[in-house]
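So the mapping is simple: this note's numbering equals the position in the sequence shown, first residue as 1, plus 124.
Remarks on the structure that follows.
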Amino acid sequence: MADYEEYKKDSKPLTLFNDETGQSFQIPVLKGNDGPDVLDIRDLYKETGMFTYDPGFTSTASCKSSITFIDGHKGILRHRGYNIKDLAANSDFIEVCYLLLHGELPSSTDKEKFEKVITDHTMLHEQLVYLYRGFRRDAHPMAIMVGVVGALSAFYHDSTDFSDLNQRMIASHRLIAKIATIGAMAYKYSIGQPFVYPKNNLSYAENFLHMTFSVPTEEYKVNPLIANAIDKFFILHADHEQNASTSTVRLAGSSGANPFACIAAGIASLWGPAHGGANEAVIQMLEEISDIKNIPEYISKAKDKNDSFRLMGFGHRVYKNYDPRAEVMKKIAHDVLKELNKLEDPLLKIAIELEKIALQDQYFIDKKLYPNVDFYSGIILKAIGFPTSMFTVLFAIGRTVGWISQWKEMIEDPINKIGRPRQLYTGSQSREYQQLETREKKSIFKWLWKSK
Ligand code: CMC
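This is the structure we're talking about:
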C-alpha cells in the first residue's frame, strides 16, 4: 500500500466556498486502494473555524486501515485482500487469525508455530475462577464476558504496556486464546456445571466445544461437522471493518488504555441488539412469530413507522446487498440441521419463509434490506445446543482477533491520536447563576417521584 503522505500528494483537492465570508478552503482528496475517495478535513477547523456534523459516522472515515475491505453495494467482504467466501471455504480460524494479525496467510511452519503459541495461552489464571463466583448464576454471559475480560488486565501485568511491541503481541495471543475459555466458563457457570479446562490437542473450535459441552464424568467426542460449523462461524465473525464495537476498541485504545480493557469495551458495545446482540434477537423474533401464517403480520409491523418493531437479522449500515457472510451461514445452517436430523426445525422454516417474503416486498427492496450475518447464525447455534444468551458470546469469541488486530494497527500507526470528536452544541447559552432561594419552585423532574 502507498504511504499515507504519498497518496495525499497525488490527490486533486476539492474547494469549499463560504458564500457568507467569501472564504474558500481546499480539501485534499485521499485515495485508498479500494472504496470511495476520502476528504481529508483534518485542517478544516484550524482553517475555517467550522466542524463537520455526522451522527452515526455515516460519511466519516475515522482511520486508515489495511485489514478489512467492504463494498456494501456489491456485497463484498475481504480480509487483507482475500474474499470471505474463499477464506470460509479453504482456511481454518487459526489461519484467519494469523492473516488478520500479520497481514499474510501463514506458511505451514508459521501456522504450526502460531497454533502452538495460541494453545499455550488457553488456560486462565486460577484466581480468575473466584471472579466468576462473584456473579449471580443467572447473570447474562455477556455481562460476565465484559467483567472477566476487563479483569485480565489485573492478572497479566506483563502484557499491558501498549508501547512495547512484545507486550502487544503477547496480549494479542492471550486474548485470542483465552476468550474461548472465558466464554465457555461463562456458560458452565450459568448452568452450575464444573469448569472444563482446555485441551491443547484439539483445534480452536473443537476445544471450545469441549470446554462448553463436556462434563468430567463422561467421555465427550466432538462431532467434526459441528466443529467445522463453529470454526466457520468464527471465521465469518472475525473482523468487519470499523463497526461500533471495533470503533469502541479503537477509541478506548487511543487514550493508551491497556488492550484487555479495550477489548472489554468492545464486548460491551457488541452486546447491543443493533449490533452483535441481533443473533439472540432473531431467535426471539422467530419464536414470537411462531407460525408461518403469522409472518405477514410481522412484515407489516416492520414496515409500520409507528411501530418500533424491526425484522431482526435484516438490514445493515454498510451492506445494501446480500451480506456475503449470511450466504455462507445459510448453507452452514442447512448442513448442521441435516447432520442433527433437525431439517424440520420450525424456526428454520419460518426463517426461510420470512426471508423469501421480505425479499419480495417493495419496502425491503426499496430500502435495500437483506439478511445479515445474524439471520441464520442463531438457528445454527440453537440446533447445536447453545442457549440464546450465549449467541453474542460466540460472536465476541470470533471477533476478538479483529478487535485486537485493529487495536494493534492503530497503536502502530504513526498518526495515531487520542480520539476526541467535537459536537454541535444545542444547550443553553451563557446565563447568570441563580441562588437556590431564587430558583423557580416548579420541578421539572416529575418522574422522579413516580419511580421507586
Ligand atoms: N426492519 C425494518 N425496517 C428497517 C430495518 C429492519 N431490520 N432496518 C432498517 N430499516 C429501515 C429503517 O426504519 C429506515 O427507514 P426510514 O428510512 O423510512 O426511516 C431505513 O430502513 C434505514 O434504517 P437505519 O436505521 O437508518 O439504518 P442504519 O444503517 O442506521 O441501521 C441496522 C442498520 C443494522 C442497525 C438496522 O438495519 C437494524 O436495526 N437491523 C436490525 C438489527 C440487526 O439485524 N442488526 C445486526 C447488524 S449485522 C451484525 C453486526 O455487524 O453487528
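For every residue, glycine included, the Cβ atom is placed at its ideal position computed from N, Cα and C.
Predicted model, so just to flag it, every value in this text is computed and none were measured.
Alpha helix (DSSP H) containing ASP195: first to last residue?
Position 71 of the sequence shown holds residue 195. Counting along the chain, ASP195 falls outside any alpha helix (DSSP H), though it belongs to the beta strand (DSSP E) covering 192-195.
Helix, strand or coil at TYR487 [DSSP, three-state]
Here residue 487 refers to the residue found at position 363 when the sequence shown is read from its first residue. Looking at TYR487 - three-state DSSP - the assignment turns out to be helix.
Ordered list of alpha helix (DSSP H) runs contained in the segment 360-411, each at least 4 residues
368-378, 383-394
Relative to ligand 1, is the shortest distance from any of its heavy atoms to the C-beta of MET266 smaller than 8 Å?
Within the sequence shown, the letter at position 142 stands for residue 266. Answer for MET266: no, Cβ out of range of ligand 1.
Boundaries of the alpha helix (DSSP H) in which THR233 is found, first to last residue
Here residue 233 refers to the residue found at position 109 of the sequence shown. Residues 232-244.
Taking just the CA atoms, how far does THR182 sit from ARG546?
Translated into positions along the sequence shown, residue 546 becomes position 422. Translated into positions along the sequence shown, residue 182 becomes position 58. Between ARG546 and THR182, the C-alpha separation is close to 16 Å.
In angstroms, rounded to a whole number, what distance separates the CA positions of TYR254 and MET514?
Position 130 of the sequence shown holds residue 254. Position 390 of the sequence shown holds residue 514. If you take the alpha carbons of TYR254 and MET514, they lie about 21 Å apart.
Residue(s) in a DSSP beta bridge with GLN150:
Sequence index remark: in the sequence shown, residue 150 carries index 26 (1-based). Bridge partners of GLN150: THR139.
Over the uninterrupted alpha helix (DSSP H) stretch that includes HIS458, give me the two end residues.
The residue labelled residue 458 in the question sits at position 334 within the sequence shown. Residues 448-463.
Per-residue DSSP class, three states only, for SER270
Here residue 270 corresponds to residue number 146 of the sequence shown, with the count starting at 1. Residue identity check: residue 270 is Val in the sequence provided, not Ser. DSSP places VAL270 in helix when its eight states are reduced to three.
Under a three-way DSSP split, which group does ARG544 fall into?
By one-based count along the sequence shown, residue 544 stands at place 420. In the structure shown, ARG544 sits in coil (DSSP, three-state: anything other than H, G, I, E or B).
Taking contact to mean at least 3 C-beta pairs separated by less than 8 Å, is the segment 434-448 in contact with the segment 188-196?
yes
If ILE303 sits next to ILE521, beta carbons under 8 Å apart, how far is it from one beta carbon to the other, in whole angstroms?
As a working mapping, residue 303 is identified with position 179 in the sequence shown. As a working mapping, residue 521 is identified with position 397 in the sequence shown. Confirmed, Cβ separation roughly 5 Å.
Of the residues ALA267, LEU289, GLY526, THR372, the one placed nearest TYR313, counting alpha carbons only:
Counted from its first residue, the sequence shown places residue 313 at position 189. Among ALA267, LEU289, GLY526, THR372, the Cα nearest to that of TYR313 belongs to ALA267.
Tell me which residues share the same chain as ASP178 and place their Cβ nearer than 8 Å to its Cβ, disregarding the 5 neighbours each side in the sequence.
Translated into positions along the sequence shown, residue 178 becomes position 54. Same-chain partners within the cutoff: THR184.
Alpha carbons only, please: which of ASP447, VAL406, PHE337 is nearest the one belonging to LEU493?
Here the question's residue 493 lines up with position 369 in the sequence shown. Ranking ASP447, VAL406, PHE337 by Cα distance to LEU493 puts ASP447 first.
Ligand 1 heavy atom lying under 8 Å from the CB of PHE438:
Stepping through the sequence shown from its first residue, residue 438 is reached at position 314. Correct: PHE438 has its Cβ closer than 8 Å to ligand 1.
Backbone CA spacing between LEU299 and ALA376 [nearest angstrom]
Taking the sequence shown and counting its residues from 1, one reaches residue 299 at position 175. Taking the sequence shown and counting its residues from 1, one reaches residue 376 at position 252. Cα to Cα, LEU299 sits roughly 16 Å from ALA376.
Measure the beta-carbon distance from SER378 to ILE542 and round it to whole angstroms, keeping in mind my assumption that it falls under 8 Å.
Position 254 of the sequence shown, counted from the first residue, corresponds to residue 378. Position 418 of the sequence shown, counted from the first residue, corresponds to residue 542. Confirmed, about 5 Å.
Express the C-alpha separation of ASN496 and ALA368 in angstroms, rounding to a whole number.
Position 244 of the sequence shown, counted from the start, is the residue given in the question as residue 368. Position 372 of the sequence shown, counted from the start, is the residue given in the question as residue 496. Approximately 16 Å between the Cα atoms of the pair.
Residue nearest to GLY180 in terms of C-alpha spacing, selected from GLY509, GLN366, ASP469:
The residue you call residue 180 lines up with position 56 of the sequence shown. Of the listed residues, the one whose Cα sits closest to GLY180 is GLN366.
Following a CB-centred definition, is VAL452 positioned closer than 8 Å to any heavy atom of ligand 1?
Taking the first residue of the sequence shown as 1, we reach residue 452 at position 328. No, the Cβ of VAL452 stays beyond 8 Å of every heavy atom of ligand 1.
Checking the sheet assignment: what are the DSSP bridge partners for LEU471?
Mapped onto the sequence shown, residue 471 falls at position 347. Bridge partners of LEU471: none, in fact.
Going by DSSP, which residues form a beta bridge with LEU163?
Against the sequence shown, residue 163 aligns to sequence position 39. DSSP, once it has assigned bridges, lists VAL153 as partnering LEU163.
According to the Cβ coordinates, are ASP363 and ASP216 closer than 9 Å?
By one-based count along the sequence shown, residue 363 stands at place 239. By one-based count along the sequence shown, residue 216 stands at place 92. No.
Helix, strand or coil: which one does DSSP assign to PHE319?
Here residue 319 refers to the residue found at position 195 of the sequence shown. PHE319 falls in the coil class under three-state DSSP.
Output needed for GLY227: all residues of its chain with C-beta closer than 7 Å, excluding positions within five of it in sequence on either side, in chain order.
In the sequence shown, residue 227 corresponds to position 103, counting from 1. Same-chain partners within the cutoff: ARG204.
Contact under 9 Å by Cβ, ALA381 with PHE286
Walking along the sequence shown from the start, residue 381 turns up at place 257. Walking along the sequence shown from the start, residue 286 turns up at place 162. Closer than 9 Å, so yes.
Out of curiosity, what's the CA-to-CA distance linking ARG555 and THR145?
For this step, residue 555 is matched to residue 431 along the sequence shown. For this step, residue 145 is matched to residue 21 along the sequence shown. So the two alpha carbons sit approximately 29 Å from each other.
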